[in-house]
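Taking it in order: structure first as structure tokens, then the write-up.
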Amino acid sequence: MGEKVLYEINEKGVALLTIDNPPMNALDELTMLELEFLIHRIEEDKSVKAVVITGKGGTFVVGADIQKVQDVGTAPEGERVTARAHQIMNLVENLRKPVIAAINGTCLGGGMELALACHLRIIGEGAQMGLPEIMLGIMPAFGGTQRAARQLGRCKALELILTGKFVDAAEANAIGLVNRVVPQERVVDEAMDMAKGLSYKSPLAMAAILEAVIDGGGMDMERGLQLESRCFGKLAGSEDKKEGIAAFFEKRKPKFIGK
Numbered sequence: 003m004g005e006k007v008l009y010e011i012n013e014k015g016v017a018l019l020t021i022d023n024p025p026m027n028a029l030d031e032l033t034m035l036e037l038e039f040l041i042h043r044i045e046e047d048k049s050v051k052a053v054v055i056t057g058k059g060g061t062f063v064v065g066a067d068i069q070k071v072q073d074v075g076t077a078p079e080g081e082r083v084t085a086r087a088h089q090i091m092n093l094v095e096n097l098r099k100p101v102i103a104a105i106n107g108t109c110l111g112g113g114m115e116l117a118l119a120c121h122l123r124i125i126g127e128g129a130q131m132g133l134p135e136i137m138l139g140i141m142p143a144f145g146g147t148q149r150a151a152r153q154l155g156r157c158k159a160l161e162l163i164l165t166g167k168f169v170d171a172a173e174a175n176a177i178g179l180v181n182r183v184v185p186q187e188r189v190v191d192e193a194m195d196m197a198k199g200l201s202y203k204s205p206l207a208m209a210a211i212l213e214a215v216i217d218g219g220g221m222d223m224e225r226g227l228q229l230e231s232r233c234f235g236k237l238a239g240s241e242d243k244k245e246g247i248a249a250f251f252e253k254r255k256p257k258f259i260g261k
């Protein structure tokens, strides 16, 4: 593995995944398979506390492989290909460790869908985002219709998807598509700094929060509140909770162990 998705982990437990599929970092089959493999690896690796995903060079990710999309010519084939993509994007979203998209350049189509599957997004001042599939006579199908509507609201999501318009970093920030706009040359560094800050937090608490927010987002309020209670219950007797409260009273930084 590692031909099209580069992997490294630093001493703080931050894993950096870099999509390296020139010229536009398209999500072809091998790239998706490598991404899937690495997310599974990160899921099992207790030393990884947080994840940053970015693109090599001046591009984040520009969509799927258009040549391969052209070759998908029947309804069953289209459903099979997109269902497989959904599995991989769901792995990213459902990872119980925070995943930050460092959007270092153009982020379109499947690239924006990957960014939407991440929990947090930092964008460079010169980057653009969009879901322009309609210009090809198709639609976002790596989860974009569902995640965009849930994160932006139906009205704004439909505007982006139906028009295929690109949004610059300032507009992406204004509509709540990203968390932060930073200078272009600082995107990955800022994402890594954010991930480093998260790496000091309780892994148990972060996992519980991600479960409550992400899984609860598809529930009605009553079921969501029940899930919140269950997630809190998992933390109630933990060593991390005891350490966090002790550190508060002792006016020191907590040292969480994930137990």
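If you use my numbering, the sequence shown corresponds to residues 3 to 261, in order.
Backbone N, C-alpha and C fix where the C-beta goes; we use that ideal spot for every residue, glycine too.
Fair warning: this is a prediction, and the values are worked out from it, not measured in the lab.
Residue span of the beta strand (DSSP E) that contains residue i, given as start and end
{"i": "residue 102", "result": "101-105"}
{"i": "residue 258", "result": "Segment: none, residue 258 is in no beta strand (DSSP E) and carries neither H nor E."}
Inter-residue spacing [alpha-carbon to alpha-carbon] between residue i and residue j
{"i": "residue 255", "j": "residue 203", "result": "10 Å"}
{"i": "residue 67", "j": "residue 28", "result": "5 Å"}
{"i": "residue 124", "j": "residue 4", "result": "24 Å"}
{"i": "residue 56", "j": "residue 63", "result": "8 Å"}
{"i": "residue 18", "j": "residue 40", "result": "10 Å"}
{"i": "residue 133", "j": "residue 100", "result": "24 Å"}
{"i": "residue 104", "j": "residue 196", "result": "10 Å"}
{"i": "residue 58", "j": "residue 49", "result": "25 Å"}
{"i": "residue 245", "j": "residue 232", "result": "21 Å"}
{"i": "residue 96", "j": "residue 143", "result": "18 Å"}
{"i": "residue 98", "j": "residue 213", "result": "7 Å"}
{"i": "residue 169", "j": "residue 131", "result": "5 Å"}
{"i": "residue 145", "j": "residue 250", "result": "41 Å"}
{"i": "residue 110", "j": "residue 65", "result": "6 Å"}
{"i": "residue 156", "j": "residue 179", "result": "13 Å"}
{"i": "residue 162", "j": "residue 87", "result": "21 Å"}
{"i": "residue 259", "j": "residue 82", "result": "41 Å"}
{"i": "residue 91", "j": "residue 247", "result": "36 Å"}
{"i": "residue 241", "j": "residue 6", "result": "39 Å"}
Residues bridged to residue i [DSSP beta-bridge criterion]
{"i": "residue 10", "result": "18"}
Residue range of the unbroken alpha helix (DSSP H) whose run includes residue i
{"i": "residue 211", "result": "205-212"}
Check: residue i C-beta below 8 Å from any heavy atom of the ligand GTP
{"i": "residue 194", "result": "This structure simply doesn't include the ligand GTP, nor any ligand for that matter."}
**Report entry** Contained beta strand (DSSP E) runs [length at least 3] in the region 116-200, N- to C-terminal order
**Finding:** List check, beta strand (DSSP E) in window: 122-126, 130-132, 168-170 and 182-184.
Requested in this report: State whether the region 20-38 contacts the region 71-80, with contact taken as three or more CB pairs (one from each stretch) at a distance under 8 Å.
Outcome: no
Query raised in the report: Mind pulling the beta strand (DSSP E) runs of 3 or more residues that sit fully within the region 29-109?
Result: If we require 3 residues or more, the beta strand (DSSP E) runs fully inside the region 29-109 come out as 52-57, 61-64 and 101-105.
Query raised in the report: Counting Cβ pairs, one atom from each stretch, are 3 or more of them under 8 Å apart for the region 228-248 and the region 203-214?
Result: Enough Cβ pairs lie closer than 8 Å, so yes.
Report task. Scan the region 224-260 and note each continuous alpha helix (DSSP H) run of 4 residues or more that stays entirely inside, going in chain order. Result -> Complete alpha helix (DSSP H) runs here, min 4: 241-251.
Query raised in the report: Can we say the region 173-180 touches the region 218-232, given the rule of at least three CB pairs closer than 8 Å?
Result: no
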